[in-house]
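Participant: Mind looking over this structure? Questions follow.
Residue numbers (the working numbering), protein chains in the order written: chain Z, 22 to 166; chain R, 22 to 453.
Printed below as a string of structure tokens:
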């Protein structure tokens with residue numbers, strides 16, 4: 022995995038009652054913790070995106086349980102809890118001509134992070150670092166308190 | 022009213038004699054002009070002289086849809102191309118169309134067939150008939166059109182599409198007869214009601230076909246529109262609509278035996294079954310010149326009666342269809358084989374050939390939904406990628422079968438399998 026990235030676990034969710042519960046149960050039974058979660062919904066299905074304690078194992082066991090699952094590299098940007106942080110983050114990316122495909126937030130009691138999938142991952146890592154943003158790696162992410 | 026009393030009310034002896042003479046002539050015609058038939062007969066040691074009448078029909082080999090496909094496009098034509106004045110085609114199972122050709126006399130025969138049906142429904146030269154089948158390669162539109170012109174009616178070639186416009190014209194033109202699929206007519210009935218024109222329209226009869234429907238649905242149409250509704254049968258391979266139709270007594274469909282020789286065969290042994298017993302309908306074109314079919318297996322299950330009908334006609338009657346011997350579906354009048362969907366999926370890529378077809382009827386219109394399993398490698402974390410895959414698959418299916426389809430992507434290995442064999446088709450429409 023390239024530096025500056027974390028792995029996200031994505032699961033295809035069929036649009037019927039109980040599917041989310043089934044995913045959560047598979048992860049629970051395998052002792053995998055979910056740190057952050059987002060659901061993209063369409064009229065027919067959903068994409069469940071998660072940052073979990075063991076993405077590779079999560080992907081494997083979900084597939085074994087007949088789910089479509091995969092891991093993707095995304096950027097996790099550490100954000101301070103104060104006014105203007107997001108504006109500065111988006112400004113940095115926009116100026117560099119980088120689009121955001123999707124994003125979702127992750128928060129703990131002390132600090133937060135934004136999980137981003139952009140049109141150009143490596144370039145995003147570079148410009149964000151240069152602009153002074155802290156990027157989390159998987160270990161750092163799991164140690165956020 | 023009877024269009025051609027001589028033929029429709031002929032005594033059984035006379036009809037058998039006529040059929041025998043025409044069969045002998047037809048067998049000679051195809052033997053000498055179509056290599057396919059000559060070879061097929063030679064293979065079983067038959068010469069035209071061996072067929073001396075109806076009693077010899079079982080000696081002749083069957084013809085199937087696969088034969089039409091294998092001889093694509095013009096291999097079964099029995100006349101020089103210069104004699105062919107019209108071509109129709111329907112979609113085939115492997116993407117190759119089933120092609121049929123007509124001579125000028127064939128078009129007259131076809132028109133006469135449909136004219137008999139229209140007259141049976143009580144319509145004639147004083148009437149205005151809207152043809153709301155699709156016009157084009159499909160035989161429905163032009164077949165109905167020529168028949169309606171043949172009886173001298175005023176024909177409105179509406180085709181399908183804008184239903185409000187159709188109903189407005191139905192009302193403004195004083196339309197008295199309509200020819201379309203039964204499900205479309207139920208939809209039209211709703212629009213008539215919505216527009217508040219139930220008491221204003223002059224419609225008195227409908228001739229519906231090209232898809233399976235029930236007696237219950239026929240009565241529903243009659244009640245909603247205060248008309249008489251008739252079931253017309255036909256298939257493009259043997260001509261088009263007009264092979265058979267039911268009279269005012271609705272006790273089976275009178276089949277025009279002087280043109281289309283009917284046999285009912287056991288679906289396993291392929292031997293003739295007795296009157297009243299269910300089997301596969303096999304048709305032989307007795308009068309067609311351009312592309313006559315000999316013992317064509319329709320795959321439609323029905324039974325036959327030769328008893329004289331209360332309407333006075335002696336033309337044999339086939340019962341309402343009881344299903345098919347293959348897996349063909351008829352959706353909005355279009356023939357769809359599950360294997361076509363499979364071919365489209367393989368062409369589209371990114372999905373497995375595991376699929377499930379769900380057919381339903383919503384507001385009287387058939388809907389087609391296809392569940393498709395995504396390949397593991399085409400699963401993405403981005404919605405737009407999955408949407409693009411969905412679009413590509415829908416497009417491929419639509420190109421293949423010519424019908425709009427709703428594709429629903431599902432995770433791999435989720436499509437229900439029973440006894441190791443996938444359930445390919447779920448048809449929620451009621452045809453009992």
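We put the CB at the ideal spot given by N, CA and C, even for glycine.
1. Compute the Euclidean distance between the alpha carbons of residue 345 of chain R and residue 177 of chain R, then round it to the nearest angstrom.
2. Could you pull out every residue in the same chain whose Cβ sits closer than 8 Å to the Cβ of residue 117 of chain R, ignoring the five residues on either side in sequence?
3. List, in chain order, every chain R residue whose beta-carbon is nearer than 9 Å to that of residue 87 of chain Z.
4. Can you check whether the C-beta of residue 61 of chain Z is within less than 8 Å of a C-beta belonging to chain R?
5. Would residue 426 of chain R and residue 415 of chain R be called neighbours here (beta carbons separated by less than 8 Å)?
6. Take residue 173 of chain R as the anchor and find which of R/185, R/198, R/186, R/189 has the nearest alpha-carbon.
7. Okay, do the stretch 185 to 192 of chain R and the stretch 280 to 288 of chain R touch, 3+ Cβ pairs below 8 Å being the bar?
8. State the beta-bridge partners of residue 33 of chain Z as determined by DSSP.
9. What does the alpha-carbon distance come out to for the pair residue 439 of chain R and residue 27 of chain R?
10. Tell me the start and end of each unbroken alpha helix (DSSP H) in the stretch 118 to 161 of chain R that is at least 4 residues and wholly inside, in chain order.
11. Going by beta-carbon coordinates alone, are residue 267 of chain R and residue 261 of chain R separated by less than 8 Å?
12. Pick helix, strand or coil for residue 103 of chain Z, following the three-state DSSP scheme.
13. Could you tell me the distance, in whole angstroms, from the CA atom of residue 250 of chain R to the CA atom of residue 218 of chain R?
14. How close, in whole Å, do the beta carbons of residue 47 of chain R and residue 306 of chain R come, if the pair is a contact with beta carbons under 8 Å?
15. Taking only beta-carbon atoms, is residue 381 of chain R less than 8 Å away from chain Z?
16. Which two residues bound the contiguous alpha helix (DSSP H) that contains residue 54 of chain R?
17. Return the chain-ordered list of same chain residues with a C-beta closer than 8 Å to the C-beta of residue 110 of chain Z, the five sequence neighbours on each side being excluded.
18. Closest Cβ-Cβ distance between residue 26 of chain Z and chain R: below 8 Å?
19. At a cut of 8 Å, does the stretch 84 to 96 of chain Z reach the stretch 28 to 38 of chain Z through at least three beta carbon pairs?
20. For residue 393 of chain R, which residues in chain Z fall below 9 Å Cβ to Cβ?
21. So if DSSP puts residue 326 of chain R in a beta bridge, which residue, or which two residues, is it bridged to?
22. Flag residue 291 of chain R as yes if its beta-carbon sits less than 8 Å from any beta-carbon of chain Z, otherwise no.
23. Assuming residue 48 of chain Z and residue 25 of chain Z form a contact by the criterion Cβ under 8 Å, report the distance between their Cβ atoms to the nearest whole angstrom.
24. Mind listing the chain R neighbours of residue 29 of chain Z? Cutoff is C-beta to C-beta under 8 Å, in chain order.
25. Return helix, strand or coil for residue 419 of chain R, following the three-state DSSP convention.
26. Name the one or two DSSP bridge partners that residue 356 of chain R has.
27. Please report the residue range of the alpha helix (DSSP H) in which residue 208 of chain R lies.
28. Touching or not, the stretch 70 to 88 of chain R and the stretch 44 to 58 of chain R, by the rule of three or more beta carbon pairs under 8 Å?
29. I'd like the span of the beta strand (DSSP E) that includes residue 300 of chain R, first residue to last.
30. For residue 387 of chain R, collect the residues of the same chain with a Cβ closer than 8 Å to its Cβ; drop the 5 residues on either side in sequence, then sort them by chain order.
31. Straight-line CA distance for residue 310 of chain R to residue 237 of chain R?
32. Could you work out which residues of chain R lie near residue 70 of chain Z, taking near to mean beta carbons separated by less than 8 Å?
Facilitator: Quick look at the numbers:
1. The residue given as residue 345 of chain R occupies position 324 in the second chain. The residue given as residue 177 of chain R occupies position 156 in the second chain. One C-alpha to the other measures close to 33 Å.
2. Translated into positions along the second chain, residue 117 of chain R becomes position 96. Correct list, in chain order: 90, 93.
3. For this step, residue 87 of chain Z is matched to residue 66 along the first chain. Within chain R, the C-beta atoms nearer than 9 Å to that of residue 87 of chain Z come from 432, 433, 434, 435, in chain order.
4. Mapped onto the first chain, residue 61 of chain Z falls at position 40. True, the Cβ-Cβ gap to chain R drops below 8 Å.
5. By one-based count along the second chain, residue 426 of chain R stands at place 405. By one-based count along the second chain, residue 415 of chain R stands at place 394. Yes, the pair counts as a contact, with Cβ atoms nearer than the cut-off.
6. As a working mapping, residue 173 of chain R is identified with position 152 in the second chain. The option with the nearest alpha carbon to residue 173 of chain R is R/198.
7. Taking 8 Å as the limit for Cβ pairs, the verdict is that the stretch 280 to 288 of chain R does not touch the stretch 185 to 192 of chain R.
8. The residue labelled residue 33 of chain Z in the question sits at position 12 within the first chain. Z/68.
9. Translated into positions along the second chain, residue 439 of chain R becomes position 418. Translated into positions along the second chain, residue 27 of chain R becomes position 6. Reliability of the predicted coordinates at residue 439 of chain R is poor, the pLDDT of 43 falling under 50, and the value obtained from them is presented with this limitation in mind. Approximately 55 Å between the Cα atoms of the pair.
10. Annotation: the stretch 118 to 161 of chain R contains the following complete segments of the alpha helix (DSSP H) (minimum length 4 residues), in chain order: 125 to 141.
11. Position 246 of the second chain, counted from the first residue, corresponds to residue 267 of chain R. Position 240 of the second chain, counted from the first residue, corresponds to residue 261 of chain R. No, Cβ-Cβ distance for residue 267 of chain R and residue 261 of chain R is not below 8 Å.
12. Translated into positions along the first chain, residue 103 of chain Z becomes position 82. Coil at residue 103 of chain Z, not helix or strand.
13. Locating residue 250 of chain R in the second chain gives position 229, where the first residue counts as 1. Locating residue 218 of chain R in the second chain gives position 197, where the first residue counts as 1. Straight-line Cα distance between these residues: approximately 19 Å.
14. For the purposes of this step, residue 47 of chain R is taken as residue 26 along the second chain, with counting starting at 1. For the purposes of this step, residue 306 of chain R is taken as residue 285 along the second chain, with counting starting at 1. Residue 47 of chain R to residue 306 of chain R, Cβ: 7 Å. Contact.
15. Position 360 of the second chain holds residue 381 of chain R. Cβ-Cβ to chain Z under 8 Å: no for residue 381 of chain R.
16. Position 33 of the second chain holds residue 54 of chain R. Residue 54 of chain R -> alpha helix (DSSP H) spans 33 to 54.
17. Taking the first residue of the first chain as position 1, residue 110 of chain Z is located at position 89. Only 98, 100, 135, 149, 154 meet the Cβ criterion.
18. Counting from one through the first chain, the residue named residue 26 of chain Z turns up at place 5. So, not an interface residue.
19. yes
20. Position 372 of the second chain, counted from the start, is the residue given in the question as residue 393 of chain R. Chain Z residues near residue 393 of chain R: none, gap ~12 Å exceeds 9 Å.
21. Translated into positions along the second chain, residue 326 of chain R becomes position 305. According to DSSP, residue 326 of chain R bridges with R/338.
22. For the purposes of this step, residue 291 of chain R is taken as residue 270 along the second chain, with counting starting at 1. Answer no: the Cβ-Cβ gap between residue 291 of chain R and chain Z never drops below 8 Å.
23. For the purposes of this step, residue 48 of chain Z is taken as the residue at position 27 of the first chain. For the purposes of this step, residue 25 of chain Z is taken as the residue at position 4 of the first chain. Not really, about 26 Å apart at Cβ, beyond 8 Å.
24. Along the first chain, one-based indexing puts residue 29 of chain Z at 8. When 8 Å is used as the limit between beta carbons, residue 29 of chain Z is near these residues of chain R: 402, in chain order.
25. The count along the second chain starts at 1 and reaches residue 419 of chain R at position 398. Here residue 419 of chain R carries a helix assignment [DSSP, helix/strand/coil].
26. Your numbering for residue 356 of chain R matches position 335 in the second chain. Residue pairing for residue 356 of chain R: DSSP places it in a beta bridge opposite R/351.
27. Numbered from 1 along the second chain, position 187 holds the residue referred to as residue 208 of chain R. 203 to 215 is the extent of the alpha helix (DSSP H) around residue 208 of chain R.
28. yes
29. Sequence index remark: in the second chain, residue 300 of chain R carries index 279 (1-based). Start and end: 300 to 306.
30. Here the question's residue 387 of chain R lines up with position 366 in the second chain. Cβ within range, chain order: 204, 232, 352, 353, 380, 381, 450.
31. Along the second chain, read from residue 1 onward, the residue named residue 310 of chain R stands at position 289. Along the second chain, read from residue 1 onward, the residue named residue 237 of chain R stands at position 216. Near 38 Å, if we compare the C-alpha coordinates of residue 237 of chain R and residue 310 of chain R.
32. Here residue 70 of chain Z corresponds to residue number 49 of the first chain, with the count starting at 1. Ordered by position in chain R, the residues that pass the 8 Å Cβ test against residue 70 of chain Z are 402.
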